[in-house]
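Each residue of the sequence shown is one higher than the last, beginning at 1 in the UniProt record's numbering.
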Amino acid sequence: LHVRPASTFVKKAKEYSSETTIESDGKSVSGKSLFRLQTLELSAGKKLLICAEGEDEEIAASELA
Numbered sequence: 001l002h003v004r005p006a007s008t009f010v011k012k013a014k015e016y017s018s019e020t021t022i023e024s025d026g027k028s029v030s031g032k033s034l035f036r037l038q039t040l041e042l043s044a045g046k047k048l049l050i051c052a053e054g055e056d057e058e059i060a061a062s063e064l065a
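Dropping the structure here:
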């Protein structure tokens, strides 16, 4: 995952009060941390799961997916 799309995702995730996590290959990281998101080494075609937990979780998950 390149820095520009990753930073766009993190910026959007920070708009929500819900905790956002990204899971891939058995690793789970905060969706609000650019550094941690980069540690997943995401690439085209790689499967991931976006989770949101909190008061605005439904809208956060929908908007971030």
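The beta-carbon is built from N, C-alpha and C at its ideal position, and this holds for glycine as well.
For A52, the enclosing beta strand (DSSP E) covers residues L49 to E53.
For K14, there is no enclosing alpha helix (DSSP H), as DSSP marks it with neither H nor E.
When the five nearest sequence neighbours on each side are left out, the beta carbons in the same chain lying within less than 7 angstroms of the beta carbon of K32 are those of V10, A13, K14 and T20, in order along the chain. Per DSSP, S33 lies in no alpha helix (DSSP H) and is assigned neither H nor E.
Following the DSSP letters along the chain, one finds S62 inside the alpha helix (DSSP H) bounded by residues E57 to L64.
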